[in-house]
Each structure stands twice: as structure tokens, then as C-alpha cells.
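Everything below concerns the one structure shown next.
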Amino acid sequence: MFYRESGDFKKTYQKDNQTFPIKFDRWRYYFVMLVAFIVVPMFLTDYMANAVMTPFLVWAIAALGLNILVGYTGQLSLGTGGFMAVGAYATYKLMTAFPGMDMVSVVLLSGLITAVVGALFGLPSLRIKGFYLAVATLAAQFFLVWLLNKVPWFYNYSASGQISAPQREMFGVIITGPHATPVAGYLFCLVFAVGLAWVARNLTRGRLGRSWMAIRDMDIAAEIIGVNPLAAKLSAFAVSSFFVGIAGSLFFSVYLGAAEVTEAFGISVSFAVLFMVIIGGLGSIFGSFIGAAFMVLMPVLLKNILVGGMGWPTDLAAHFEFIIVGGLILIFLIVEPHGLAQMARVLKEKLRLWPFPH
Amino acid sequence: MKFTKLATIALTTMAVSAPVVADLVFPSLSYRTGPYASGGAPYADGYADYFTLLNERDGGIGGVKTAVPECETGYNTAKGVECYEATKGDGALTYQPLSTGITYQLIPKTMADDIPLMTQGYGRTSGANGKVFSHVFNFPANYWSGASRIINRIKEENSGSAEGRNIALVYHNSGYGKEPITTLKALADKEGFNLTLIPVDHPGQEQKSQWLQIRRERPDNIILYGWGVMNQVALKEAANIRYPMDQMFGIWWSGTDNDALEGMGSHGYKAATFHNVGSDFPVYADIQKFVVDAGLAAGDGSNVGTVLYNRGMYSAMLAASGAAKAQEIHGVKDITSGMMRDGLEALDVTDALMAAAGMPEFGPEFTVSCSNHGGPGDVGIQQWDANDRQWKLIGGFEAPDTKLINQLIKVDSEAYAAENNITPRDC
Amino acid sequence: MSADFLYIIEVILNGLMAGVMYSLVALGFVLIFKASGIFNYAQGVMALFAALTLVGIQTGQIPFSHLINAIFGTNMHHFGWQVPTIIAILLTVGVMVLFAIIVERYILHHLVNQEPIILFMATIGLAYFMEGFGDIMWGSDIKTLDVGLPSGGSLWLEEYTLGWAAEGENYYGMYLDKLDMVASLVAIVLVVSLTIFSQYTKTGRALRAVADDHQAALSVGISLRTIWVIVWSIAGFVALVAGIMWGAKSGVQFSLSLIALKALPVLMLGGFTSIPGAIIGGLIIGVGEKLFEYSIGPLIGGATENWFAYVLALMFLVFRPQGLFGEKIIERV
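Structure representation (C-alpha cells):
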């Protein structure tokens, strides 16, 4: 009914290879873009922008980055928080050192700096695998946070080590700082999220992505067929860190506006992003987005229902939030270990046949 | 798509749940969960109970009822921002986040939204400069006046001089713990004592190396800037190495009832404070009568009279006084957050005002002005008496090294102003 | 002897003791990883939960009192009795066994044969769940844990060693915490009894069989489900011991669950599958991080322990990717 595939002939390789080969999918994608870029900004309230949409986009970018590493290359990493911190502090230093620089360059440069750091900390992955690697990346997490907290140069010698984003504009619209309109911040993040998702999608189906997946599926076999593990693993770390660095940069400059490394980029951040990736679906771009949506929206939603809707005391509600989120994670893993993206895929397969399943 | 659906649900619930208020709204960004819950809960109880008392006893402030919507932050900055965004639309008059991290987030935001931010004894110290930070009120004391008062106390105990003493600062390795370093360094130069910095990383359950170092170097005094589990472990380790407890000084966040749980081991430990201790004030009889006995208490009532409960209540009382002042200035009962700011800026806390609130001599007298949002920074000293299991005030509320601190505040706030293109107000 | 040298010995000894405390947490991880290949992130929360339960039972707290009060408007907190420590401990062990059965029946049973990362995720979900559940059950205020353990520095040792330093040097005797010494004894007893249990009892042999090969163990008639319940119960017991030791130090509060982070480098270094590895790893980490903090720490600003433990473990891993005592990883195409 929805997926009418008959009669949709592809006449060129290019068309055959496109991301959404089915017309309905394609239209749905255009529709989502239209909603995200035009409809949502029209109805965006301050609360929705600052507490829901912007964090969702930022976390989605971080999840995309980690998904490249964990989902596509199979390298378990718990250093996400540390890499986000690098992105955030790079942004802060760039913004304060070069006040004239436009924000897009600042964010991209922060991503690049993080990519270099990430590749450096990716070196042990050449020898260490699995959970051992996960714990080894924790070394990056703790070391980077310690370093950024310890060296006063990183936070311009302020008394408490807090960094706060000064005001910057683009095309005459304020994007960062307290006077930024929430819609501008949202759109700024959205451009990055969509752009990076596009990059990720095309990277993962190209040569590089295939070498990553070969490493993930069996690294020795991949090596034998000529994939260079050094190049594959380090490039995965670099690209992943680039994404994560951009997420950290936006997290600090657009979303929060101020940050302190020990609190904002602690180990819990690393776990949270890993959650999003696994709940969403390993090795899925779409999964990164729904994973982030789940982890950002779920607590907000629960809080609004329990406290706002049902009038519970906040502490009980907060405890129940933990129980419900924990319980939901368990239920999801039991029902569908391959994440929400797999659920969506199953649904799609069913819809393609519906209403005549035979 | 799943996401948009969820978003719609979230949106509708929020639309339904948004309370219709014509009250004076004082949102409480509390934390009753997470690693610092034991500190957040009594504070939030005190804050809420005082406003409940005002409603029950006086019918609110100037006849307008108050409302304290609570929002759980878990001491997490992102959640704090979410809470702020969620509550600011309901006519919030002022915010008290009880977290230095969240304060830093909210400083620019509140300035843009014209909502005053009250940070009693925490937050950004240089917020005391009202010329730059028009919406931050960190009276009656801040981290720097606390540190300076402790040094003054050490001087008092040692015949007026700290010259040549070895003083160690054991601090939570975060923005909060690092705050006093600048001041202490400046004071060390001025007073001629040696300062050793000993950081402890979050959460601070393992402090063996730090205390071995202290045991080896035997500093003459220890200043403790800790929060949460770090305090309990530090006091325990100090007792273990038999450090003379009366030579150890905590900032007020290290001087709560939770921290002295160790009992006899902490006997004699001192801490700075900017408000009185215990529950021997008329206001407590009222709280018992109108709030606890009426079953309206925010918590289970067990926290009444503890240090952090007092602090929450005191903060609430200051906020309420600010609101009353605002009503007086503008001649309107239903004040807005902008009027609230004016009220706070014109706040004049006198002994008479404190007594009228049922809290005679509960805190220092102070006046707020356009240029000075921090008051004189008078700080008292309390001491833990393990025999009676309670804190006792042993030093009056005295001014710290105001000149030095004002200088530091000036430097720090001007740096902030330059970084963020703020033109200092003219006053 | 010079005082400096004595200080270094003191630091090393205290590092060893701290290492034992880490090992206590790491042991629980190893037990579960060995038997089921699950990296149990919830181990720290289990320690918190066990300690909360112990204190709760001991002081006669009413479980879920906060919830009950909120719903029914009552105001009750305590039953008003005190339970003797030993009975409270036994009851807590009972609760942890119950917990193991529930985990096996409702979670693990459904996740058999999943990838390790999924199982790991599941334990994080479990950790979330238990954090909320523990708080609702027993409240989130700080509780003092008193099971009669000694604490404080050992005066005897201090006086005994006072004369060791050369004349005229500033030396105050050697410092060791009595609680740490007790913890070391408990750890030794625990490891020895665990080893005996796994070597000489039927159940223990079954445990090892499952650890070696699930399929083969199943085929000779060992019930995986029973074994898992047993392993999780033992891990729960180890968590209780860790909870008591750490709780005696800092009071029982939420932060107790964060000790899991201290155990991770120990695991990495010792190998996920070796009980002696957990102990030796703990000792190396303990001594390493304390020595580093003592010698290099002051030069670079201190608070190095958190990351140095990981870096140390990382250095070992570069040479032995499976940890010091881990089983050799054999890879085939």
C-alpha cells in the first residue's frame, strides 16, 4: 500500500545506488527534512528548543560518531566524554583567541583538533581488543578531563575553571551566548546534524566504510584480504572523534553556553552515548538518531508525566525515572537486542508486504 | 516517525501540565537523587517549608500566595538547564540552583531573561560585582570571604599572625573547589603563610595518598573545600591520622550534619558559616505548628534544624524579603522577575527584619546596593561538639579581608565583562 | 634508615592495602565474567544495594517507607527495633540470593547467546534500575554502617616504628589503617575459600566446567541456570563484603556505587577471567597509583590517581593484551 515498488525502474547505476531506493522512503525523507527545517522552527518554544530539540541534535551527532567506532568498526570506546571535552575546550580557545572567526569554522576546526587527539588515543586499539579496549579508552577519558581541569591555559586562567561561550553571530543572527534565539541554535545544530549524517552515510557505504566493517566482522580475515588494520582503525578513531568533537563543540557553545569539564564531560557522558548507540542500533545512521531521541526524550517525558501530569514529589519521580529507564533498556534488549533501528527495519519489511502478506 | 510522535506526546503533556499561576513563583532546582542527594534534600526541604509557612501563616507575601514548583536536577548541569527552561515561563521570580556548575549556566541566561539569580554561599564569587553581574545576588557571603575569614580566624588563634604557618587546602577538584585558590594565594603573599594545594578528584572515596601527604608534612592548619562523600572520607581520614581537629577548618559546604557523622572523631572540627545553627529560633515553632504538624512538610520533617535545612530556609527568607521589598518599591502585589531584581538590589537586612521573620540574629546584617551584590561578606565560625552532637557558633559574623577580596572580584568580573562584551553599569 | 625511605615503604604498604580494597570489588566482576561472559557493570550498584540493605535491616528501617508515606500520607520510618549484626548480614545474603534468582529468571534467561556488548548494556540497564530501586527502598540519605569493624591508624605500629628513623629526623612512625588490615584479612579469607570452593566441591567443579565451555558443560548435565544463580549469589555476597568495607569508610551513600570505576583498571590489568589476577592486579594498581601520586603527583598538580591507574593498566596491556593472568586469546580465521 505504502511501498509501491512495482513500476519503479532504475535506469542508471547512480539511481540504483541511492540511499533511499524506494520512492515512499524518499518522499518520507524529504518530508522529515521539510518538517525539521521549516515546520519545527515555526512552532519551536524556548523550552522545546533548549531542553529537547537542541540536546537531541547534539547527542545525535555524538551518537553518530560513536556508532562509526563501535557499530561500524567494532572498537568499543568509553572515551566519548573526554573527546567531547576536547571539542568544547577547542571551541572555547578558538572563540576567545580569534573573536572574528565565524562559528562554522570554529566548530569544524574543533572537530579536526579532536580528530587528531582521538587518533592518538586510538593507537592502543591496534593491540588491545574488546572490553580491554573499552577500559583502555577510559584512560583517555580520565586523562583528558584531568588535563583540561589542571592546566589553566585551557580555561583562560578563570578562577573556577569554568568556560563560557561569548556571543557570536552568523548572517546577523546571534547563535551563541545568552541572547541567542533558540531557533537559531536549533537550526545551526540541525545543519551540522544533517550534514554529518550525510557524510557518515556516504563514508560507511564507500571504500573506507567497507574496510571498517571488514575489521569489525573479523579483523584477521580483513587483514588477509588486504585491509590495512592500522589505517582502518585509526581512520575510524579519527572520523569518530571528529563527529564527537563537533558534538562537544555544539554542546558547549550552542546548547549549554557554559561548561565545567569534570561535571559536563564526566564518565557518565561516555556511558550515555554508548547507550544511545546500542539502544538505537549498532551500525545504523537512523539508529543513532532514535537512540539519542530515546535517551534525551525519555527522561524529559517521564518527568513531565510523573511530576507535571501526576503531581508526584520530585524525588520519588526521579527514582522512578531511573527504574523505568533501566527497565525499558532491559526490555528493549530482551525484545530486540539489535536496537530500535532493527525494529524499524522489521516494521518496514512488514509494511512492504502489507496488506497482502503472502 | 517515532521521534516526532514522542515529541508530540511530550509537547501535549507539557501543555496540559503547565500550571496556571497567579502566585509568586519561586522554583526550586533541587537534587534529591545522585551522589550529592544527602546535601540537596535538606536544603530543598528548608527552602520549600519556609514558603509553605508564609502561605499558611501570613497568607503569602503581601497577601499573595507563593508557589515553589520543584524540579530535580540531580546536580547535573544539563538537567539544570532543562529545569530552568521548563519553569521560567511560569513567572519564576528568582532561581537558587544550589550548584556552582548550574549557576555558571544560568548567569548569562538569567541576565538575558531578566530573572535574578540568588546564590547564597556558592556560585560565581565575582558575581558580587553588581555593575557587571546585574542579575546575580550572592550575598551574604561567598567562597572568597569564607576563605579569608578562616585565615583571619587562624590569625586570631595564633596571636594575630599567620606568618610562617603551613596551611594546606584540601579541595574538591572542580570549579567549586578551585574557587578559593586565587584568594588564598593572594592572602598567602600578604600574610606570609605557606599554602599547599591538595586536590581530591570526584567523588573522593579514596583519599589515602592525600592524607599520607598531610601526615608527612604536618601542616599547621587544613582548610577543607569538599562536597558529598569527599567530606565524610576526609574527616574520617583526618581522625585516623589523629590530626588535631580544632586546627581543621571547613567551608560551609563541608560543615553540615552529614559531614560530622563520624562522631567523636570530628570533635572540635570548625567550619565557616554565614548563618546561625540549631533550631532555637521562634520561626521553628511556627514551622512545626503550621508546616510539619499540618502534614505539609516537603521532606519527612527529620531534617528540620540541620545545617543545610537552615541554609535553605535562610535563602528562602532572603528571597521572600526581596519579594516584599519589590512589592514595596513598585507598589504592586503581583511582582515580575524584573521587579524582584530591583527588590533584591534594594534589600536591607537588619536585625529588626530578621527578628520580625522569627529568626533574630540568624544571619549577619547587610545591605545590597547597585554596585555590591555580595554584601560585606560577614562570616561566622561554627564548631562541632561531638558530646552534644551539634554545631555551635563560636565566632561572631565578622568581615573578612574585604579590600583584598573586592580587588580580586573587580579583576575577575572585569575579565568576564571583556570576554562577553558587557558594559558595566554606571553606579 | 632515612625517613624518606620509610615514607616510601609506608606509601607502598598503604598502596597494597588500597589495592586490596579495589580487588574486593574486582572479584565480583571476575566471578561473573568467568561463568557467563558478562561484564557486569552493576557490580558497584550491587555493593551499594547490599550495604543499604544491611544497614536498613540492622537499624530496622521500613522498606519503601518514603513511597508508602507519600501514597498513604502516613509518617513512619522505623520498625523500632535493632537487629544483631550477624543476623542482619545473613538476611542481607538472603536478599542478594533472591536478587540473583530474579536476575537470572527475568533477564539473563532471555539474553542467552547474545553478543557480549548487549549483555554489558543489559547490566547497565540493571544498574540504572537498581539505583532507583535502592533509593526508593531505603532512602537516599547517608547512613552510618556499624558492624563493629575497627578503624583508625594502628597506634601500636606507629610507636613500634617510631625509632626506625635516624636520629634527629622528622618521623612520626608508620601509618596503617586498621580497617585496611581487616579488609586485607577478609580478602585473603575470601580468595582462599573461593579457590577451595571452586577446586574441591562438586558445585565448584561445575562452575569451572561452565566457565571453560558452556556447551560441553550442558551436555554432561550441568544446569546453566542453577550455575548462574549460584555465581550471581556469590557475586552478591562479594558485593556485600565490598560494600561493608567501603561503607565503613565513607558511610553508605550513592557514591558507593562509583567504586566500580576503581575496579576497572584492576580487571584490565589482572585479566577478566582470573581470581588471583584480580588480587595481584589490585595490588599493582594500588601501589602504582600511590607511588606515582607520592613522587610525581606534587610536580604536576596532584589528583592523578584516577587516570594513572588506567594508564598503568594500559601500559601492561600493550605487552599482554589479555591482561596479566587472562587466558591467552587465540584467534582463528
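Chains as they are written, first to last, in the working numbering: chain A, 1 to 358; chain B, 1001 to 1427; chain C, 2001 to 2333. For every residue, glycine included, the Cβ atom is placed at its ideal position computed from N, Cα and C.
Pro41 of chain A is outside the set of residues whose beta carbon lies under 8 Å from a beta carbon in chain B. Note that the C-beta distance between Ala115 of chain A and Ala238 of chain A is below 8 Å.
Per DSSP, the beta-bridge partners of Met170 of chain A are A:Val173.
Between the segment 1027-1039 of chain B and the segment 1082-1089 of chain B there are three or more inter-stretch CB-CB distances shorter than 8 Å, so the stretches are counted as touching.
Counting along the chain, no beta strand (DSSP E) covers Thr204 of chain A; the unbroken alpha helix (DSSP H) around it starts and ends at Pro182 to Thr204.
The criterion of a C-beta distance shorter than 8 Å is not satisfied by Gln1105 of chain B and Thr1119 of chain B.
For the pair Gly2286 of chain C and Leu2267 of chain C, the CB atoms are not nearer than the 8 Å cut-off. With a 10 Å radius around the Cβ and a threshold of 16 neighbouring Cβ atoms, Gly100 of chain A comes out exposed.
DSSP places Asn1406 of chain B within a helical segment (H, G or I) once states are collapsed to three.
Residue burial is scored here from C-beta neighbours: Ile2244 of chain C has at least 16 other C-beta atoms within 10 angstroms and is therefore classed as buried. In the displayed model, Ser1030 of chain B falls within a strand according to three-state DSSP. If the five residues before and after Ala2035 of chain C are omitted, its C-beta is found closer than 8 Å to the C-beta atoms of Leu2207, Val2210, Ala2211, Ile2227, Trp2228 and Val2231, all from its own chain and listed in chain order. Burial of Asp1412 of chain B is indicated by the presence of at least 16 other C-beta atoms within 10 angstroms of its C-beta. Residues of the segment 1275-1288 of chain B with a C-beta less than 9 Å from any C-beta of chain C: none at all. Looking only at B:Lys1178, B:Asp1114, B:Ala1356 and B:Thr1100, the smallest Cα-Cα distance to Ile1335 of chain B is reached by B:Asp1114. The three-state reading of DSSP puts Leu76 of chain A in coil, since its state is none of H, G, I, E or B. Under the DSSP definition of a beta bridge, Glu1072 of chain B partners with B:Ser1030. When C-beta atoms of the segment 271-289 of chain A are compared with those of the segment 103-111 of chain A, fewer than three pairs fall below 8 Å, so the two segments do not count as touching. In the three-state reduction of the DSSP assignment, Asn1055 of chain B falls in the helix class.
Every alpha helix (DSSP H) of 4 residues or more that sits fully in the segment 1177-1232 of chain B is shown, in chain order, as 1208-1217. With its beta carbon at least 8 Å from every one in chain C, Val269 of chain A lies outside the interface.
Taking C-beta atoms under 8 Å as the contact rule, Lys1392 of chain B and Val1292 of chain B fail to qualify, at a distance of about 24 Å. DSSP lists no bridge partner for Ser1174 of chain B.
Each of B:Leu1054, B:Glu1179 and B:Ser1369 was checked against the Cα of Ile1405 of chain B, and the nearest Cα belongs to B:Glu1179. For Glu2131 of chain C, the CB contacts under 7 Å within the same chain, skipping 5 residues up- and downstream, are Val2045 and Ser2257 in chain order.
Contact between the segment 2267-2278 of chain C and the segment 2064-2076 of chain C is absent: fewer than three C-beta pairs spanning the two stretches fall below 8 Å. When C-beta distances to chain A are compared with 7 Å, the residues of the segment 2037-2053 of chain C below that value are Phe2039, in chain order.
Ranked by Cα distance from Leu2126 of chain C, the options C:Phe2039, C:Glu2331 and C:Ser2065 are led by C:Phe2039.
Counting along the chain, Asp1286 of chain B sits inside the alpha helix (DSSP H) bounded by residues Pro1282 to Asp1286. Where Glu1082 of chain B is concerned, the enclosing alpha helix (DSSP H) starts and stops at Thr1077 to Lys1088. DSSP links His2214 of chain C through a beta bridge to no other residue. Contact between Gln1213 of chain B and Ile1198 of chain B holds: their C-beta atoms lie close to 7 Å from each other, under 8 Å. Going by beta carbons, Ile1251 of chain B and Ala1238 of chain B fall outside the 8 Å limit. Taking 9 Å as the cut-off between beta carbons, the residues of the segment 2103-2121 of chain C near chain A are Tyr2106, Ile2107, His2110, Leu2111, Gln2114, Glu2115, Pro2116, Ile2117, Ile2118, Leu2119, Phe2120 and Met2121, in sequence order. It is roughly 12 Å from the alpha-carbon of Gln1210 of chain B to the alpha-carbon of His1172 of chain B. Around the beta carbon of Trp354 of chain A, fewer than 16 other beta carbons sit within 10 angstroms, so the residue counts as exposed.
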